[in-house]
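To keep things clear, I will list the structure first and then write my remarks on it.
Residue numbers (the numbering used here), protein chains in the order written: chain E, 2 to 349; chain U, 4 to 373.
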């Protein structure tokens, strides 16, 4: 079990107080969950602010400036404001579905962090099916989108939810197949093993530098990931010119904020996966491993943010065609060829 | 297994919709995601401008017509002044003519820059909007410097212009021309060859030259369909015959060509402004016999004056009975005809395409609704 020293210390402390074995583990894991949750919430708030600053600077504006130094606590104030907002619940909603949709969305976004290694030994649980687990739990997002659309009992929300779900499901396929290519390289599903396989040789052991399959896998992955995170040029779920507001039209207050934050957590997730799979994970010289991990992840996020503020939006049918007629065949061909190379033992 | 039964349904788009550029309601008949039929419903912004003009003196009409097509208010000022000047055969001083041409062309550029921004935003790219408005701001600042207004100028008056250019106008204007020329490269780099932009715009909203002429479409939309028709060349007014500029045309008549067309027109306008600034003479800016705002009476008669503004032919038909107030002021704007042509451009496209087509027409709803 690769748990970081504080966790071990906490576990030992609980043991020494004389609590029985199941309880000490449960409490220390609870502590771990709260830590991961807190870290990610802060990261999500930071990303919202960062995105606004980047958008501002691309667009010759400043972005938030009024709250603190360069508006650094703007998003915190926004979150506080949303907490205080009235929670409008339309009378015709499907009560249970309407309530649980943001919860499912929020939880699904955080579930992936069980297996994402933030640094050397800085992982909640190194599952031997790690990457498969991530693919599985991120799919929960689709369910939450459909729930939000259905529970709102509003045709616009339902249509928005359907569009989002169709998009996310379509892009899940090329995303998973791109990830499979990396698994062929690494020979393991464990996130730690994948990162460790890219150690050494400065940066040239990174899987992105395994031409041509690595680079193709990365490009297809990042494209599919952009679509997974619902960002321009694939932001069909929130195309304000075509839709009223998408699946979250009836949500307000903190429920809306949960969808919103989940979106940014997803952004961090897809970037963190990209770093682990293609950019050597936490490995790097001099600096602590978690700093390397964060730096690389922010670099990938920056790339996605630049996409968002540069590109126009694809049309919904073009979006589907791009996924099924271009990305899926390309990723499959890439996977088969990579597998063949591996099987034949040809050297990269 | 029998085919799934489908039926067409009606969707109401607007009046409040972010991409109807004002208050336009479109009744869409949809077959699934495809738009089968579009029926524009207009009149939400009707302000009876033509009727108001009948109760005002000639000079007082000009600030009212500012509101007619507020994005290019200079040309609205100008076309009314032109109509009265034609009717009363007023000689306009040389310097005033040059100033008018500079203002009209600057306003055309400002309008096309706005088009660039909002069209990109309708296709989903947010950044070009800010870029377009940034350069438009330079021009608006020039207008503000000259006449104190940023949107409705009331600057071009019967027989001349309201006041002379401030001394710092010419260098500032040259600077703005230079900046816009430079920034156009950025604009084109951002969108022209962008594959997503192309796939969203090319082949969408085709308008054939025959249809364009039949529907009375004018301006950039007409020229993007391959018809070389520009009132500045075909029926020159003011001093446009003195300048060296081209009428760019594009052949495909789709949204992409209409976008390219407007960018090309910005470049031509920049040429005209540079020439006009070079040739700007000294002298009077108002006719020798001053026009009294209250008591001015043009001779009785009828006249139609037309100019080419950024949306096509902008015309005023004026009937005077020799009194201080016009009997009838009939306006004609390009947007009205272009909106009329919208239903024939919708060829089983999706709603997202409809937004693109609507944006490419660059319709200004207050002009349609008068």
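No residue lacks a Cβ here, since even glycine has one placed at the ideal position from N, Cα and C. As the structure is a prediction and not an experimental result, all values here were calculated from the model.
What's the gap between the Cα of residue i and the Cα of residue j?
i: residue 253/E; j: residue 176/U; result: 48 Å
i: residue 255/E; j: residue 160/E; result: 23 Å
i: residue 34/U; j: residue 303/U; result: 55 Å
i: residue 89/E; j: residue 257/E; result: 10 Å
i: residue 329/E; j: residue 149/U; result: 59 Å
i: residue 215/U; j: residue 264/U; result: 15 Å
i: residue 276/E; j: residue 298/E; result: 6 Å
i: residue 142/U; j: residue 112/U; result: 8 Å
i: residue 373/U; j: residue 277/U; result: 34 Å
i: residue 144/E; j: residue 12/E; result: 36 Å
i: residue 294/E; j: residue 313/E; result: 30 Å
i: residue 36/E; j: residue 26/E; result: 15 Å
i: residue 16/E; j: residue 23/E; result: 10 Å
i: residue 1/E; j: residue 79/E; result: Given that chain E is displayed from residue 2 to residue 349, the structure contains no residue 1/E and the question cannot be resolved.
i: residue 7/U; j: residue 310/E; result: 41 Å
i: residue 339/E; j: residue 182/E; result: 7 Å
i: residue 281/E; j: residue 296/E; result: 12 Å
i: residue 23/U; j: residue 199/U; result: 22 Å
i: residue 184/E; j: residue 51/E; result: 32 Å
i: residue 294/U; j: residue 27/U; result: 39 Å
i: residue 82/U; j: residue 49/E; result: 49 Å
i: residue 324/E; j: residue 333/E; result: 12 Å
i: residue 156/U; j: residue 336/U; result: 18 Å
i: residue 60/E; j: residue 117/U; result: 15 Å
i: residue 240/U; j: residue 310/U; result: 7 Å
i: residue 162/E; j: residue 337/E; result: 34 Å
i: residue 81/E; j: residue 271/E; result: 27 Å
i: residue 320/U; j: residue 158/E; result: 49 Å
Which stretch, first to last residue, makes up the alpha helix (DSSP H) that contains residue i?
i: residue 321/U; result: It is not in any alpha helix (DSSP H) - residue 321/U instead sits in the beta strand (DSSP E) that spans 315-323.
i: residue 282/U; result: 258-282
i: residue 43/U; result: Residue 43/U -> not in any alpha helix (DSSP H); beta strand (DSSP E) instead, spanning 37-44.
i: residue 204/U; result: 198-204
i: residue 170/E; result: 156-187
i: residue 177/U; result: 172-194
i: residue 142/E; result: 141-152
i: residue 235/U; result: 234-237
i: residue 78/E; result: 75-85
i: residue 335/U; result: It is not in any alpha helix (DSSP H) - residue 335/U instead sits in the beta strand (DSSP E) that spans 331-335.
i: residue 64/U; result: 61-69
i: residue 2/U; result: Outside the shown range of chain U, which is 4 to 373, sits residue 2/U, and nothing can be said about it.
i: residue 77/U; result: 76-91
i: residue 210/U; result: Taken as a continuous stretch (DSSP letters only), residue 210/U belongs to no alpha helix (DSSP H), as it is neither H nor E.
Report the CB separation of residue i from residue j in whole angstroms; it is logged as a contact under 8 Å.
i: residue 266/U; j: residue 191/U; result: 7 Å
i: residue 72/U; j: residue 370/U; result: 4 Å
i: residue 236/E; j: residue 127/U; result: 7 Å
i: residue 115/U; j: residue 268/U; result: 6 Å
i: residue 291/E; j: residue 120/E; result: 3 Å
i: residue 76/U; j: residue 154/U; result: 6 Å
i: residue 25/U; j: residue 52/U; result: With 8 Å as the limit, residue 25/U and residue 52/U do not qualify as a contact, their Cβ atoms being about 15 Å apart.
i: residue 44/U; j: residue 30/U; result: 6 Å
List the endpoints of the continuous beta strand (DSSP E) containing residue i.
i: residue 236/E; result: Residue 236/E -> no beta strand (DSSP E), and no H or E assigned at all.
i: residue 34/U; result: 28-34
i: residue 128/U; result: Careful: residue 128/U lies outside any beta strand (DSSP E) and carries neither H nor E.
i: residue 308/U; result: 304-312
i: residue 248/U; result: Neither: residue 248/U is in no beta strand (DSSP E) and is coded neither H nor E.
i: residue 53/E; result: No beta strand (DSSP E) contains residue 53/E, which is instead part of the alpha helix (DSSP H) from 22-59.
i: residue 16/U; result: 12-16
Any chance the CB of residue i is under 7 Å from a heavy atom of the ligand SAM?
i: residue 358/U; result: Inclusion of the ligand SAM in the displayed structure is not the case, the ligand content being empty and no account of it being possible.
Next on the checklist: Assess contact between the region 101-118 of chain E and the region 146-162 of chain E, defined as three or more Cβ pairs (one per stretch) separated by less than 8 Å. Is contact present?
Outcome noted: Pairwise C-beta distances place the region 101-118 of chain E in contact with the region 146-162 of chain E, as three or more of them are shorter than 8 Å.
Checklist entry - Is the region 94-103 of chain U touching the region 150-164 of chain U, taking contact as three or more C-beta pairs under 8 Å? => result Using a Cβ-Cβ distance cut-off of 8 Å, the region 94-103 of chain U and the region 150-164 of chain U are in contact, since at least three pairs of beta carbons, one from each stretch, lie closer than that value.
Checklist entry - Quick check: the region 43-59 of chain E against the region 263-277 of chain E, are there 3 or more CB pairs under 8 Å? => result Yes, the region 43-59 of chain E is in contact with the region 263-277 of chain E.
Checklist entry - With contact counted as at least three CB pairs below 8 Å, one residue from each stretch, are the region 251-262 of chain U and the region 215-228 of chain U in contact? => result Yes, they touch.
Checklist entry - Contact between the region 198-218 of chain U and the region 244-253 of chain U: three or more CB pairs below 8 Å? => result No: the two stretches stay apart, fewer than three of their Cβ pairs being nearer than 8 Å.
Item to check | contact_flag[the region 174-187 of chain E, the region 215-234 of chain E] where n(CB pairs < 8 Å) is 3 or more | outcome: These segments touch.
Checklist entry - Contact between the region 178-189 of chain U and the region 285-293 of chain U: three or more CB pairs below 8 Å? => result Counting Cβ pairs under 8 Å, fewer than three are found: no touch.
Item to check | contact_flag[the region 335-347 of chain U, the region 14-21 of chain U] where n(CB pairs < 8 Å) is 3 or more | outcome: Result no; under three Cβ-Cβ pairs closer than 8 Å.
Checklist entry - When the Cβ atoms of the region 56-69 of chain U are set against those of the region 322-342 of chain U, are three or more pairs found closer than 8 Å? => result The region 56-69 of chain U is in contact with the region 322-342 of chain U.
Checklist entry - With contact counted as at least three CB pairs below 8 Å, one residue from each stretch, are the region 302-317 of chain U and the region 36-48 of chain U in contact? => result No, the region 302-317 of chain U does not touch the region 36-48 of chain U.
Next on the checklist: To test your reading of the DSSP string, which unbroken alpha helix (DSSP H) runs of 4 or more residues are found completely within the region 193-257 of chain E?
Outcome noted: Listed in chain order, the complete alpha helix (DSSP H) runs (minimum 4 residues) inside the region 193-257 of chain E are 214-229.
Next on the checklist: So within the region 259-333 of chain E, which uninterrupted alpha helix (DSSP H) runs reach at least 4 residues, ignoring any that extend past its ends?
Outcome noted: DSSP assignment within the region 259-333 of chain E yields the following whole alpha helix (DSSP H) runs of 4 residues or more, N-terminal first: 290-309, 317-322.
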